[in-house]
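Residues 14 to 498 in the numbering used here are what the sequence shown lists, from first letter to last. Built from N, CA and C at the ideal position, the CB exists for glycine as well. First the structure, in the form of C-alpha cells, and then the observations on it.
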Amino acid sequence: MTYTHYYQNKLKLAIIGQSLFGQEVYSNLRKQGHKVVGVFTVPDKDGKADPLGSIGIVNYQPPLDPSWYFFVINIFQLGLMTLQFRFETFDEEEGGRQKHRKDTPWRQRRTGRLCSSSHGGASRGSPSRKVVDAYKAVGAELNVMPFCSQFIPMNIIDNPKHGSIIYHPSILPLHRGASAINWTLIHGDKKAGFTVFWADDGLDTGPILLQRECAVEPNDTVDTLYNRFLFPEGIKAMVKSVQLIADGKAPRVPQTEEGASYEGIQKKSNAKPVTLYGSSMLGGSAPTGQALEVEGASQPGLVTKNGLVLYGTDGKPLLVKNLQFEDGKMIPASKYFSAGESSSNIWKGILSNVAAIEDSTDFFKSGAASMDVVRLVEEVKQKCSSEVQLQTEDVYMATTFQDFIQMFVRKLRGEDQEEELVIDYATKDVNNMTVKMPYQCFINGQFEDAENGKVYDTINPTDGSVICKVSYCLSGRCGPGRGSC
Numbered sequence: 014m015t016y017t018h019y020y021q022n023k024l025k026l027a028i029i030g031q032s033l034f035g036q037e038v039y040s041n042l043r044k045q046g047h048k049v050v051g052v053f054t055v056p057d058k059d060g061k062a063d064p065l066g067s068i069g070i071v072n073y074q075p076p077l078d079p080s081w082y083f084f085v086i087n088i089f090q091l092g093l094m095t096l097q098f099r100f101e102t103f104d105e106e107e108g109g110r111q112k113h114r115k116d117t118p119w120r121q122r123r124t125g126r127l128c129s130s131s132h133g134g135a136s137r138g139s140p141s142r143k144v145v146d147a148y149k150a151v152g153a154e155l156n157v158m159p160f161c162s163q164f165i166p167m168n169i170i171d172n173p174k175h176g177s178i179i180y181h182p183s184i185l186p187l188h189r190g191a192s193a194i195n196w197t198l199i200h201g202d203k204k205a206g207f208t209v210f211w212a213d214d215g216l217d218t219g220p221i222l223l224q225r226e227c228a229v230e231p232n233d234t235v236d237t238l239y240n241r242f243l244f245p246e247g248i249k250a251m252v253k254s255v256q257l258i259a260d261g262k263a264p265r266v267p268q269t270e271e272g273a274s275y276e277g278i279q280k281k282s283n284a285k286p287v288t289l290y291g292s293s294m295l296g297g298s299a300p301t302g303q304a305l306e307v308e309g310a311s312q313p314g315l316v317t318k319n320g321l322v323l324y325g326t327d328g329k330p331l332l333v334k335n336l337q338f339e340d341g342k343m344i345p346a347s348k349y350f351s352a353g354e355s356s357s358n359i360w361k362g363i364l365s366n367v368a369a370i371e372d373s374t375d376f377f378k379s380g381a382a383s384m385d386v387v388r389l390v391e392e393v394k395q396k397c398s399s400e401v402q403l404q405t406e407d408v409y410m411a412t413t414f415q416d417f418i419q420m421f422v423r424k425l426r427g428e429d430q431e432e433e434l435v436i437d438y439a440t441k442d443v444n445n446m447t448v449k450m451p452y453q454c455f456i457n458g459q460f461e462d463a464e465n466g467k468v469y470d471t472i473n474p475t476d477g478s479v480i481c482k483v484s485y486c487l488s489g490r491c492g493p494g495r496g497s498c
C-alpha cells in the first residue's frame with residue numbers, strides 16, 4: 014500500500030478532549046489512517062496524565078511522513094487560563110525523536126459569551142497570539158472534540174478548513190448542557206442517545222451531523238447507560254463522522270428550537286450525602302408499608318420489610334435495599350427508616366399509662382424506672398438492630414423520645430463512635446499495690462507529651478523521693494478549655 018493510497022480521503026486532525034473516551038476516539042481515528050497532528054488535553058492531575066494525554070507518548074510510532082508533528086497541549090483554568098504544551102518531532106536524519114518542552118502562559122481574560130457542550134465548549138475569547146500560532150502550526154483540517162470540558166475560543170473552533178465537531182450524550186435539541194445523561198434519566202425519557210454536531214457559538218446548538226439512540230432500560234443508571242451504549246457506539250459514531258467529512262458526505266441539519274431543553278450541571282455540591290444501593294423496579298400491585306415523606310418527591314415513599322420504596326416522576330415504584338452515608342457505613346434501608354416507628358412501639362409497650370408517644374415524651378417523667386431502661390435497651394436491640402452498641406447510660410443521656418431517636422440514628426450511622434483514649438502510665442509499687450499514674454499533659458481530650466519534651470520530677474513530700482517524671486506544661490498550652498496537666 015502506497016503512502017498516497019493510505020491517506021486518500023483522510024484528514025489532518027486536532028483532537029481536543031480528555032478521558033478514556035477521547036483516548037479511544039484518538040486510537041480508532043489513527044487506525045483508520047487519519048493523521049492526528051495535534052492532541053489538546055487537560056494537565057496531569059496528582060502526577061498522573063489523562064488517558065488521552067498519555068497515549069500519544071506511550072504509543073508513539075515513527076510517522077510515515079517525517080514532517081509529522083505531535084503536540085500535547087494542556088489547557089486548564091476556566092477564568093484565567095494557563096497553557097502548557099509539549100511538542101515532539103521525528104528527526105529522520107538521527108533516526109529518533111527530539112523532545113522540546115515549552116511552558117507558555119495564557120493570561121488573557123475571555124470576553125463575550127461563553128458556550129459549552131457537556132463534551133465540548135466554545136468561547137468568544139481571544140487567546141494570546143503565541144497560543145494561536147502554536148495551534149495553527151499543526152495545520153489541522155478538522156477539530157474533533159470527543160470529550161472536552163474546557164472553553165475553547167471561537168477563533169480556534171472556526172480555524173480548520175472543516176471547522177469542529179463535538180460529541181454530546183443526548184438526542185439534541187433535548188438536554189443541552191453539561192449533565193445530559195443524568196437529566197435523560199431524571200426526566201424518565203424512554204429513549205437515550207447521542208449527537209455528533211458541528212460546533213457553533215451557541216450552547217449545544219450547532220447543526221446535527223449524526224445521531225444514534227437506544228431504549229432506556231428499567232434499571233438503567235448513568236454508568237450502565239454510558240457503558241452499554243453511549244461509550245462504545247459514540248466512539249464508532251465519531252470515527253464515522255470524520256470519514257463522512259473526509260468523503261464530502263457529512264450533513265448539516267439545523268437544530269429545531271421546538272422541544273429544545275437545557276438543564277444545569279449535576280455535581281457533588283448539588284447532591285445529597287446518602288447513596289442508594291441495590292435498587293430495582295417493582296412490578297405488580299403497590300407494596301404495603303409505612304409512609305415516609307420525601308422532600309421534592311411527587312408522592313411519599315414507603316418503608317417496607319424489604320427496603321425503601323421511592324416513586325419516580327412516572328409514578329412507578331423503585332425499591333432501594335441499602336443506604337451508604339458519607340463515612341462509608343452501609344445499612345439496610347428498612348432498618349434505618351423503620352427505627353422511629355419500631356422505637357415508638359417499644360416505648361408504648363413500656364409506658365402503658367401514656368396515650369401517645371410524642372417527640373416531647375420523657376421516658377422517666379412518664380413513670381419509667383431503672384428496670385424499664387434495661388428492657389428498653391434489650392427490646393431496641395432485638396427489634397431494630399442487634400448491631401447497634403446501645404447502653405443503659407445512653408437512655409439516661411437522651412430521656413425524651415426525640416432525643417432518643419436522634420441518638421439511636423447516630424449510632425446506626427456510626428457517628429457516635431469515640432476514639433479510644435490512649436494513656437501511658439508511670440507505675441509504682443506502694444503498700445503492696447501497683448499504682449498507675451498518667452504522666453503526660455491532657456489536652457483537647459488526649460494525653461500528649463510537652464511540645465519541647467521537657468519534664469519535671471514529682472516529689473513525695475513525706476520523704477523527698479521522686480515519684481515519677483511528668484510532662485512540663487508551658488503557660489498557655491494548658492489554659493481554659495485546653496485541658497490539664
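Exercise. Short check: CB of Val-435 to CB of Val-408, under 8 Å?
Worked result: The sequence position of residue 435 within the sequence shown is 422, counting from 1. The sequence position of residue 408 within the sequence shown is 395, counting from 1. For Val-435 and Val-408, no; Cβs fall outside 8 Å.
Problem set entry | Three-state secondary structure assigned by DSSP to Phe-210 | Numbered from its first residue, the sequence shown carries residue 210 at position 197. It is a strand residue.
For this session: Would you kindly work out how many angstroms separate the C-alpha atoms of Asn-358 and Gly-309, rounded to a whole number?
Result: Mapped onto the sequence shown, residue 358 falls at position 345. Mapped onto the sequence shown, residue 309 falls at position 296. One Cα belongs to Asn-358, the other to Gly-309, and the distance between them is close to 29 Å.
Exercise. Could you give the residue range of the alpha helix (DSSP H) that holds Thr-197?
Worked result: As a first step, residue 197 must be located in the sequence shown, where it is residue number 184. For Thr-197, the enclosing alpha helix (DSSP H) covers residues 193-199.
Exercise. Where does Ala-346 fall in DSSP's three states?
Worked result: What you label residue 346 is simply residue 333 of the sequence shown in a count that begins at 1. Correct three-state label for Ala-346: helix.
Exercise. Which residue from Asn-232, Asn-335, Phe-210 and Pro-267 puts its Cα closest to that of Gly-296?
Worked result: Counted from its first residue, the sequence shown places residue 296 at position 283. Comparing Cα-Cα distances from Gly-296 to each of Asn-232, Asn-335, Phe-210 and Pro-267, the minimum goes to Asn-232.
Exercise. Span of the alpha helix (DSSP H) holding Glu-271?
Worked result: Taking the first residue of the sequence shown as position 1, residue 271 is located at position 258. According to the DSSP assignment, Glu-271 belongs to no alpha helix (DSSP H), since it is labelled neither H nor E.
Problem set entry | Rounded C-alpha distance that separates Leu-305 from Val-316 | Counted from its first residue, the sequence shown places residue 305 at position 292. Counted from its first residue, the sequence shown places residue 316 at position 303. So the alpha carbons of these two residues sit roughly 7 Å apart.
Exercise. Are Gly-201 and Gly-325 touching if we call contact CB-CB under 8 Å?
Worked result: Taking the first residue of the sequence shown as position 1, residue 201 is located at position 188. Taking the first residue of the sequence shown as position 1, residue 325 is located at position 312. Contact flag set, yes.
For this session: Measure the CB-CB distance between Gln-268 and Pro-182 and report whether it falls below 8 Å.
Result: If you number the sequence shown from 1, residue 268 lands on position 255. If you number the sequence shown from 1, residue 182 lands on position 169. No.
Exercise. When the Cα atoms are used, what is the spatial distance from Asn-240 to Asn-195?
Worked result: Against the sequence shown, residue 240 aligns to sequence position 227. Against the sequence shown, residue 195 aligns to sequence position 182. Inter-residue distance for Asn-240 and Asn-195 is about 14 Å (C-alpha atoms, whole angstroms).
Exercise. Thinking just about the alpha-carbon of each residue, which of Ala-369, Lys-318 and Thr-412 is nearest to the one in Phe-377?
Worked result: Along the sequence shown, read from residue 1 onward, the residue named residue 377 stands at position 364. Just measuring C-alpha positions, the residue of Ala-369, Lys-318 and Thr-412 sitting nearest Phe-377 is Thr-412.
Problem set entry | Same chain only: Cβ atoms within 6 Å of Phe-242, ignoring 5 sequence neighbours per side | As a first step, residue 242 is located in the sequence shown; it is residue number 229 there, counting from the start. If we look at Phe-242 and ignore the five residues flanking it on each side, its Cβ neighbours are Cys-227.
Exercise. Phe-34 lies in the alpha helix (DSSP H); which residues open and close that run?
Worked result: As a working mapping, residue 34 is identified with position 21 in the sequence shown. Its alpha helix (DSSP H) spans residues 32-44.
Problem set entry | Gly-314 in three-state terms, based on DSSP | One-based indexing of the sequence shown puts residue 314 at position 301. When secondary structure is reduced to three states using DSSP, Gly-314 falls in the strand class.
Exercise. Identify the residues that DSSP records as bridge partners of Arg-225: which are they?
Worked result: What you label residue 225 is simply residue 212 of the sequence shown in a count that begins at 1. DSSP, once it has assigned bridges, lists Phe-207 as partnering Arg-225.
Problem set entry | Between the CA atoms of Phe-160 and Gly-35 - distance to the nearest angstrom | Translated into the one-based positions of the sequence shown, residue 35 becomes position 22. Translated into the one-based positions of the sequence shown, residue 160 becomes position 147. Taking the straight line from one Cα to the other gives about 6 Å.
Exercise. Alpha carbon to alpha carbon, how far is Asp-375 from Lys-441?
Worked result: Taking the sequence shown and counting its residues from 1, the one referred to as residue 375 is at position 362. Taking the sequence shown and counting its residues from 1, the one referred to as residue 441 is at position 428. Roughly 48 Å between the two C-alpha positions.
For this session: Would you tell me roughly how many angstroms separate the C-alpha atoms of Val-209 and Asp-171, rounded to the nearest one?
Result: In the sequence shown, counting from the first residue as 1, residue 209 sits at position 196. In the sequence shown, counting from the first residue as 1, residue 171 sits at position 158. Each residue's Cα considered, the two are about 17 Å apart.
Exercise. What's the call for Gly-277, buried or exposed, on a 16-neighbour Cβ count within 10 Å?
Worked result: Translated into positions along the sequence shown, residue 277 becomes position 264. Exposed.
Problem set entry | Residue of Ser-311, Ile-480, Leu-323 and Ser-365 minimising C-alpha distance to Gly-380 | Residue 380 sits at position 367 when you count from the first residue of the sequence shown. Looking at the Cα atoms, Ser-365 is the closest of the given residues.
Exercise. With C-beta atoms as the reference, is Ser-192 less than 8 Å away from Gln-279?
Worked result: Counted from its first residue, the sequence shown places residue 192 at position 179. Counted from its first residue, the sequence shown places residue 279 at position 266. Contact flag set, yes.
Problem set entry | Strand pairing of Ser-177, partner residues [DSSP] | Residue 177 sits at position 164 when you count from the first residue of the sequence shown. Ser-177 is bridged to Asn-156.
For this session: Please check the pair Val-322 and Pro-300, which I expect to be a contact at CB under 8 Å, by giving their CB distance rounded to whole angstroms.
Result: Within the sequence shown, residue 322 is the residue found at index 309, counting from 1. Within the sequence shown, residue 300 is the residue found at index 287, counting from 1. Contact holds; Cβ gap of about 6 Å.
Exercise. Glu-461 bridges to which residues according to DSSP?
Worked result: Locating residue 461 in the sequence shown gives position 448, counting from the first residue. As DSSP reads the structure, Glu-461 sits in a beta bridge with Cys-454.
Exercise. When you compare each of Asp-63, Ile-363, Glu-371 and Ala-212 to Asp-385 by their alpha carbons, which one comes out closest?
Worked result: As a first step, residue 385 must be located in the sequence shown, where it is residue number 372. If we check each option's Cα against that of Asp-385, Ile-363 comes out closest.
Exercise. Using CA coordinates, which residue listed in Glu-271, Ala-205 and Leu-216 is at the minimum distance from Glu-246?
Worked result: Within the sequence shown, the letter at position 233 stands for residue 246. Out of Glu-271, Ala-205 and Leu-216, Ala-205 has the C-alpha closest to the C-alpha of Glu-246.
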